[in-house]
Amino acid sequence: MTVRRTPVLLGRQRECEDLDHLLTEVRGGLSAVRVIRGEAGIGKTALLQYCAEAATGFRIVRLAGVESEMELPFAGLHQLCAPMLDRLDVLPEPQRAALEVALGRTSGEPPQRFLVALAALGLLSAAAERRPLLCLIDDAQWLDSASGQVLGFIARRLGAEPVAIVFTVREPTTEHELVGLPELRLQGLPEADARALLATVIPGRFDPRVRDRLVAETRGNPLALLELPRRLSTAQLPGGPGPHGSHELSGRIEQSFLLRLEQLPEDARRSLLVAAAEPADDPLLVWRAAELLGVQASAAAAAEAEGMLSIDGSVRFRHPLVRSAIYRSASADDRRAAHLALAEATDARSDPDRRAWHLAAATGEPDEQVAADLERSADRAQARGGLAAAAAFLQRSVVLTRDPGRRAGRALAASRASLHAGQFETALGLLGAAEAGALDELQRARVDLLRAQIVSASGSGSEAPVQLLRAARRLEPLDVALARETYLDAWGAAFFAGDPASSASLAAISRAARSAPRPTGRPHASDLLLDGLALLTTDGRAAAAPVLRRAVSAYLTEDLSLEKGLQWGVLASNAAMEIWDFDHCEKVITRQVELARAAGALAPLSIALNGRGIVVAWGGDLSAAARVIVEADAVTEATRSRVAPYGAMLHAALRGREAEARARIDTAIDHARSGGEGLAVQWANWSTAVLFNGLGRYDEALAAARVAGDESQPDHLVTRWALPELIEAATRTGRPDLCAGAVERFAASANVTANDWGLGVLARCRALLATDDEAEPHYREAVDRLRATRLRPELARAHLLYGEWLRLRQRRADARIQLELAHSLFASMGLDGFAHRARHELVGAGANLREIATDKPDELTPQEDHIARLAREGRTNVQIGAELYLSPRTVEWHLKKVFAKLGITSRRALQDALPATSRGTGSL
């Protein structure tokens, strides 16, 4: 089909071809996304219209954001999904329930945002079963926050669905949900095209100086070229002066629309104002409100005739600038009158929140009744999962509250809601408003706590511990339980910040926590965690170990709230690691994953999956770890989380593929440094040491291990784990002098709990530094102890070091036994770097090269392997999609690729076709 190209598309050949290609991809069964960015009037909406006309055979749904203060939760998503709600029954029940609550069709528990997003993705996929689906979303920068987040998620998780989504975003903008998606950036038209477009507006000849000035001043903006000449008089066109004014181009275009608006009858202007003030674009509501102002529905006919808007099933303005021009140009009194009429025309029972918002916009001074209505609307919005909407309602309620005490309380509530909605600057501003009111001492302490939580959530890693410590101290005499929880949060923030020189270092926080009031009654898991971690820092591991053991047990058995269970799981897993308790660490992390997944809480899930990736990789099942990391990456991408990829860094280092590992590690270091997350930098250096020890590049391993094991850092986790890497690299580079004190530092940690993991690695380190007569018993102890653990990479490394030692002493037959065990373990686990090192040593020990087994590279990608494993366990496509945040159609697409690679035709054949390392790993 040949699509008619309107004059406004002059010079947009490349963009039109790109959209044609997008539609072709979707006709072929794949999804496609474009974000069209540019200034007002640059032609974004025209390209949307072109795309709609070119989409023959498609089902088309449209959505337009509206520049309005209204933040009704999921209002934009409701517009998008409304034509497809007849397909709700195809969704799994939890997804369907979440979407129905979010859209206000039913009541229930507040739905998790990403469960709603997954439901919407499934709905779009179902709607595209019979014919391709095209979603056109104009002015996405004005969508409500909840809808913007959901649509950003959907755009990133589309796969094999015949669905196209085309967004337009006006620049400049603060919108960030669509950043990173494929873009078309529109600039002004080239001069020749601009002149050609101008010629379609001004017939006949006119002065070239006027034409050139119009082209220059509009910077090739198509809408400006069409509208601004309307302001020129017939005297100006032949040769008079061109348009003047230094205000922004969009303002000048709006002014052009206003000049046309002034020519309309008063009733037509008033009807336009009512339409501009109502984001829902519901013509019946607009007409009812207009009648309340004494304006007949027929008054809009003049505006339609002028081309300002169209009214059919909805109210649509010719361009968003028309709406904003009408609304902004009206007097404050006229705007309030329009909103009051809209409030009175809105059914208080069926749509109380829209009515409350219009009443608020119609109120020019404090009004307790309206403020209370907004507070109730905030509660309803929160119940639907509309955190941004709740924040907006509460923010407006603060403005309309006269009583200082009540105003301060509402400001606190609004700040908390804004924090949860991710509006950090707004949240801080509301705290200032709260402090200016009548607060009691506990409320003032809560202000400090909120300020600290805002700093922590906004990614200011170095500032969060200072703020949390201050809040905890202020809370001590007012709320002991909350003070202790805040100390625990401060300890965690300082641990991740990794700054021993800070005034709120781990040492400073631990000392303050130990002197804080004791809990009343039986200590909870959080109390034990705080006591144990503080003791670890101030008095050492021997003093802390019994308390940490009790804390981990309490975390696993205590009936914690969902929020607390998710909040403290990371510290509980770290506590288990501190006492070399791998099994309980895995149990804590498994609980974290289960809690987060069941709740649909993807931000905590991204953290839990990182931990899961660590323990699975350290256990030696790199294929299973890769599947966890696929999910972790999907969640991090969907949530745009700042969580460092701890699991992925360790997995890549153990894998031993330098390019892949360095890409992960270098990116993590850059992000961690910018976010003040010192622990991630330390972890990255430790992972680098593991990588280069595996590759046999000991100088590089030594440099990284020295940074990671710096004695200025507290003796926790990474500092301790770096010591074996340092000892191995230093002995291999002839620098045993650098190991002075390292073995004893490590021994002070490993000897506390007499655990085979710690003692096995300690024996391995002692063997490296021992004399020939003393080394062998240490190597044998290392092998025996590590064989009793589940940490197969550590065992394989003990065999490798023992074999290398035997080879250097010309005990080649004994060396081959140890090296063959090491190589077999490394190869079966996929530790390619260490496997190559073992293979090299085997050749040196006289082994026949052809007798050394080599693994065939795994043909499946980690994501394909993960999907295949879940399918082999009997999961349906819907269940697999729910776990991996994909649509069932995309799961089916991946399975077809799996079948082709494995040479099978059914799920039943997966039992025998999958690589052995994929079997028996259990649910992740």
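In the working numbering, the protein residues as written are 375 to 1298.
Note that the Cβ used here is the ideal one computed from N, Cα and C, for glycine as well.
| Item | Value |
| --- | --- |
| Just to confirm, is the Cβ distance from Gly385 to Asn595 under 8 angstroms? | no |
| Residues bridged to Leu508 by DSSP? | Ile434 and Ala538 |
| Just to confirm my understanding: we take Asp493, look at its own chain, exclude 5 residues before and 5 after, and list those with CB closer than 7 angstroms. What are they? | Note on residue identity: the sequence assigns Ala, not Asp, to residue 493. Contacts found: Leu465, Gln469, Arg470, Ala472 and Leu473. |
| Going by DSSP, name the residue or residues bridged to Ser684. | Arg690 |
| Run the CB neighbour count on Val408, radius 10 Å, all protein chains shown included, and call it buried at 16 or more, exposed below. | Note on identity: in this sequence residue 408 is Arg, with Val being the wrong assignment. Buried. |
| Assuming Val689 and Phe631 form a contact by the criterion Cβ under 8 angstroms, report the distance between their Cβ atoms to the nearest whole angstrom. | Contact doesn't hold; Cβ gap of about 16 angstroms is too wide. |
| Leaving out the 5 sequence neighbours to the left and right, which residues in its chain are closer than 6 angstroms to Leu786 when beta-carbon positions are compared? | Ala808 |
| Looking at the secondary structure, which residues open and close the beta strand (DSSP E) in which Leu909 lies? | From DSSP, Leu909 is part of no beta strand (DSSP E) but of the alpha helix (DSSP H) over Ala899 to Thr912. |
| Just curious, the beta strand (DSSP E) that Glu557 is in, first and last residue? | Glu557 to Arg559 |
| For Val407, name the three-state secondary structure that DSSP assigns. | strand |
| So what's Arg1183 in DSSP terms, helix, strand or just coil? | coil |
| May I have a chain-ordered list of the alpha helix (DSSP H) segments no shorter than 4 residues that lie completely inside the stretch 1196-1264? | 1206-1218, 1236-1246 and 1251-1258 |
| What are the residues that DSSP puts in a beta bridge with Arg634? | DSSP, once it has assigned bridges, lists no residue as partnering Arg634. |
| Run the CB neighbour count on Gln756, radius 10 Å, all protein chains shown included, and call it buried at 16 or more, exposed below. | buried |
| Leaving out the 5 sequence neighbours to the left and right, which residues in its chain are closer than 8 angstroms to Thr720 when beta-carbon positions are compared? | Leu659, Arg728, Arg729 and His732 |
| Judging by CA-CA distance, which residue of Val829, Ser684, Ala846 and Ser836 is the nearest neighbour of Arg1299? | Here the chain covers residues 375 to 1298 and nothing more, so residue 1299 does not appear. |
| Let me know the secondary structure DSSP gives Gly439 once reduced to three states. | coil |
| Given a threshold of 16 other Cβ atoms within 10 Å of its Cβ, counted over all protein chains shown, does Ala1035 qualify as buried or as exposed? | buried |
| Can you tell me where the alpha helix (DSSP H) holding Ala745 begins and where it ends? | Glu742 to Ala757 |
| Pick out whichever of Gly811, Leu462 and Arg825 has its Cα sitting closest to the Cα of Gln797. | Arg825 |
| How many angstroms separate the CA atom of Thr1279 from the CA atom of Phe1273? | 6 angstroms |
| Would you give the residue range spanned by the alpha helix (DSSP H) that Met1023 belongs to? | Tyr1020 to Arg1029 |
| Please tell me whether Ala1245 and Leu1276 are closer than 8 angstroms, where the distance is taken between their beta carbons. | no |
| Could you give the first and the last residue of the continuous alpha helix (DSSP H) run that contains Pro1098? | Leu1091 to Arg1106 |
| At a cut of 8 angstroms, does the stretch 733-748 reach the stretch 760-773 through at least three beta carbon pairs? | yes |
| Would you mind working out which of Asp863, Thr894 and Ser836 sits nearest Ser877, comparing C-alpha positions? | Ser836 |
| Pair every Cβ in the stretch 493-502 with every Cβ in the stretch 532-540, then say whether three or more of these pairs are closer than 8 angstroms. | yes |
| Would you call the stretch 1119-1137 and the stretch 1154-1165 touching, i.e. three or more CB-CB distances under 8 angstroms? | yes |
| Tell me, please, whether the stretch 415-428 touches the stretch 449-460 by the rule of three or more beta-carbon pairs shorter than 8 angstroms. | no |
| DSSP state of Val772, grouped into three classes? | helix |
| With DSSP run on the structure shown, which of helix, strand or coil describes Arg1161? | helix |
| CB of Ala782 to nearest heavy atom of the ligand NAP: below 7 angstroms? | As presented, the structure is devoid of all ligands, the ligand NAP included, so that no description of it is given. |
| Leu903 and Gly939: beta carbons closer than 8 angstroms? | no |
| Pick helix, strand or coil for Val669, following the three-state DSSP scheme. | coil |
| Jot down the residue ranges of each uninterrupted beta strand (DSSP E) in the stretch 772-816, minimum 3 residues, whole runs only, in chain order. | none |
| Just the Cα atoms here: how many angstroms apart are Ala1283 and Leu1165? | 31 angstroms |
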